[in-house]
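Engineer: In this text, residue positions in the sequence shown follow numbering that gives the first Met the number 0: the first is 0, and each later residue adds one. Each residue gets a CB set at the ideal place from its N, CA and C atoms; glycine is no exception. Model, not experiment: these values are computed from the prediction. Let me begin by handing over the structure; questions about it come next.
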Amino acid sequence: MNLLLKEIRGSPMLWLLAAVPVVFAAAILVPEAHTALFVLSVLAIVPLAGLLSHATESVAAKTGDAAGGLLNATLGNLTELVIALAALRAGEYTLVKASIAGAIVTNTLFMLGASFLLGGLKYHFQEFNRASARLQSGLLFLATIALLMPSAVAGVDSTSAAAAAQKLSLGLAVLLVVGYGLGLLFTLKTHREIFAGAEHTQAGEVPWPIGLALATLAGVTVLVALVSEIFVESVQKAAQTFGMTPAFVGFIVVALVGGAAEMASAFSGARKNRLDLSVGIALGSASQIALFVAPVLVLLSYVIGPSPMDLQFWPGAVVMVLLATVTAMFVTNSGRSAWFVGVLALMVYMIFAMTLYILPPAVR
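Quick look at the structure:
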């Protein structure tokens, strides 16, 4: 606990933790002040993301970058899962699908590209495990194919398209979960030596004890999820104040804020020349959302949703996910990165963001 208090006292960014109780109090006292709640929730998530970043690095120092990246991606995706479950219970399937597609694109392009850029500004070249990046990109490509199929079926026969898409989505959900589980078995058990990250040391840094790191991860993850719920409740009304379209909010803003904790860990790892951790978080999180979170939501819709949800996304979302996956394959193919490689990925992301801001798609 003394280490945690020392970390908070020594980092001005962590002083923003004072915004956490403020946003909870404001949500109870003035729930209609959507713009203020939006700003306060963003200010609260920033220091929580910093704490999560430090705790993840301490766990990765004990377990290795591959397991550390998986742990951070899993905890980070709990936020998206909590948000999606709330929307699922309310029958807001459009919001669920937008958050899923937006999180995949944001993690694949923005988080990965910014990690390459930030690391490349400090180091001339950086290396990472190419085999791990290829596997994660391959899993993403598998998920993209699964997203394409229900849309393809929908265009065959309009009279039976809905029933066929629903049955296909259910089968695909089970298949994707199995594929994700087998991928974990392959990387963490049967062929774990292939995916070991390079050893990197940072002089003068002492990782937290594993108990403190795990306790911090658990506590901060719960707080991030709670603050994120307030953020999502206020973001739509605040978006109108700031002139943002619903498509831009769901695809870009919610994904960026929901992934803030993961991004803090990925960016910090890149600046410390631990690019295996950064790539593992970015691509691991994206593939986990595509192959686990999305299928689980489809299965849970049969239990807690007003009606079953399918995997039929609107064409623009599928195209963006496909192009993001291809871009990830392209920029990670060599196993080396430099700052301009990050710029390329970020430029693709900015093209998507600009398109959604100016010309939002017609979402069914």
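Quick one: residues in its chain with C-beta nearer than 6 Å to the C-beta of K61, no 5 flanking neighbours on either side, listed in chain order?
Structural biologist: Here the question's residue 61 lines up with position 62 in the sequence shown. Counting only Cβ-Cβ distances below 6 Å, and skipping sequence neighbours, we find I209.
Engineer: Verify whether the separation of the beta carbon atoms of V152 and M319 is less than 8 Å.
Structural biologist: For the purposes of this step, residue 152 is taken as the residue at position 153 of the sequence shown. For the purposes of this step, residue 319 is taken as the residue at position 320 of the sequence shown. Result no, Cβ atoms of V152 and M319 do not sit closer than 8 Å.
Engineer: From the DSSP output, which residues share a beta bridge with Q125?
Structural biologist: Your numbering for residue 125 matches position 126 in the sequence shown. In DSSP, Q125 forms a bridge with S336.
Engineer: To the nearest angstrom, how far is it from the Cα of M306 to the Cα of V292?
Structural biologist: The residue labelled residue 306 in the question sits at position 307 within the sequence shown. The residue labelled residue 292 in the question sits at position 293 within the sequence shown. First, the residue type needs correcting, since residue 306 is Ser and not Met in the sequence shown. Using only the alpha carbons, I get a separation of about 18 Å.
Engineer: Is any heavy atom of the ligand MN found at a distance shorter than 7 Å from the C-beta of L108?
Structural biologist: Looking at this structure, you won't find the ligand MN or any other ligand, since it has none at all.
Engineer: Please classify M346 as buried or exposed, where buried requires at least 16 neighbouring CB atoms within 10 angstroms.
Structural biologist: Counting from one through the sequence shown, the residue named residue 346 turns up at place 347. It is exposed - the Cβ of M346 has fewer than 16 other Cβ atoms within 10 Å.
Engineer: From this set, R335, L310, S336, F351, which residue's C-alpha is nearest T143's C-alpha?
Structural biologist: Stepping through the sequence shown from its first residue, residue 143 is reached at position 144. Among R335, L310, S336, F351, the Cα nearest to that of T143 belongs to L310.
Engineer: When we look at the beta-carbon of I251 and count the other beta-carbons within 10 Å, is it buried (16 or more) or exposed?
Structural biologist: Counted from its first residue, the sequence shown places residue 251 at position 252. Buried is the call here.
Engineer: Which residue's Cα is closest to the Cα of R273: P20, L183, S52?
Structural biologist: Taking the sequence shown and counting its residues from 1, the one referred to as residue 273 is at position 274. Closest by alpha carbon: S52.
Engineer: Quick one, are the C-beta atoms of L304 and G90 less than 8 Å apart?
Structural biologist: Counting from one through the sequence shown, the residue named residue 304 turns up at place 305. Counting from one through the sequence shown, the residue named residue 90 turns up at place 91. As written in the sequence, residue 304 is Gly, which differs from the Leu given in the question. The answer is yes: Cβ separation under 8 Å.
Engineer: Would you give the residue range spanned by the alpha helix (DSSP H) that M262 belongs to?
Structural biologist: The count along the sequence shown starts at 1 and reaches residue 262 at position 263. That run of the alpha helix (DSSP H) goes 259-270.
Engineer: Any idea what DSSP makes of V219, helix, strand or coil?
Structural biologist: Here residue 219 is taken as the residue at index 220 of the sequence shown, counted from 1. It is helical.
Engineer: Using only CA atoms, which one of Y301, L290, V38 lies nearest to Y179?
Structural biologist: Within the sequence shown, the letter at position 180 stands for residue 179. Among Y301, L290, V38, the Cα nearest to that of Y179 is on L290.
Engineer: Could you name each continuous alpha helix (DSSP H) segment of 4 residues or more that falls completely within the stretch 268-329, going from the start of the chain to the end?
Structural biologist: Fully enclosed alpha helix (DSSP H) runs of 4 or longer: 274-287, 293-303.
Engineer: Cβ atoms of T55 and L70: under 8 Å apart, would you say?
Structural biologist: Counting from 1 along the sequence shown, the entry for residue 70 is found at position 71. Counting from 1 along the sequence shown, the entry for residue 55 is found at position 56. Their beta carbons are under 8 Å apart, which means L70 touches T55 by this criterion.
Engineer: Can you give me the C-alpha to C-alpha distance between Y301 and S227, rounded to a whole angstrom?
Structural biologist: Residue 301 sits at position 302 when you count from the first residue of the sequence shown. Residue 227 sits at position 228 when you count from the first residue of the sequence shown. Computed Cα separation, rounded: 25 Å.
Engineer: With a threshold of 6 Å on Cβ separation, who are the neighbours of H399 within its own chain once the five nearest residues in sequence on each side are excluded?
Structural biologist: Residue 399 is absent from the model: the chain starts at 0 and stops at 363.
Engineer: Determine the DSSP secondary structure at P149, reduced to helix, strand or coil.
Structural biologist: As a position in the sequence shown, residue 149 is number 150, starting the count at 1. Looking at P149 - three-state DSSP - the assignment turns out to be helix.
Engineer: Excluding sequence positions up to five away, which residues of its chain have a Cβ less than 6 Å from the Cβ of T107?
Structural biologist: As a first step, residue 107 is located in the sequence shown; it is residue number 108 there, counting from the start. Cβ neighbours of T107 beyond the five flanking positions: A285, A323, A327.
Engineer: Measure from the alpha carbon of R88 to the alpha carbon of each residue in W338, G334, L296, then state which is nearest.
Structural biologist: As a working mapping, residue 88 is identified with position 89 in the sequence shown. Nearest option by C-alpha distance: L296.
Engineer: Is S333 buried or exposed, if buried means 16 or more other CB atoms sit within 10 Å of its CB?
Structural biologist: Working through the sequence shown from its first residue, we reach residue 333 at position 334. Exposed.
Engineer: Would you decide whether F124 is buried or exposed? Buried here means 16 or more other CB atoms lie within 10 Å of its CB.
Structural biologist: For the purposes of this step, residue 124 is taken as residue 125 along the sequence shown, with counting starting at 1. It counts as exposed.
Engineer: Would you say V58 and A212 are within 8 Å of each other, going by their C-beta atoms?
Structural biologist: One-based indexing of the sequence shown puts residue 58 at position 59. One-based indexing of the sequence shown puts residue 212 at position 213. Yes; because the gap between Cβ atoms is below 8 Å, this pair is in contact.
Engineer: Measuring CA to CA, which of P206, L147, S168 is closest to V317?
Structural biologist: Residue 317 sits at position 318 when you count from the first residue of the sequence shown. For V317, the nearest C-alpha among the options comes from L147.
Engineer: Within 10 Å of its beta-carbon, does T186 have 16 or more other beta-carbons around it, so buried, or fewer, so exposed?
Structural biologist: Stepping through the sequence shown from its first residue, residue 186 is reached at position 187. Classification for T186: buried.
Engineer: Can you tell me whether L50 is helix, strand or coil according to DSSP?
Structural biologist: Residue 50 sits at position 51 when you count from the first residue of the sequence shown. In the structure shown, L50 sits in a helix (DSSP, three-state: H, G or I).
Engineer: Take G249 as the anchor and find which of V330, L15, A86 has the nearest alpha-carbon.
Structural biologist: Taking the sequence shown and counting its residues from 1, the one referred to as residue 249 is at position 250. The shortest Cα separation from G249 among V330, L15, A86 belongs to A86.
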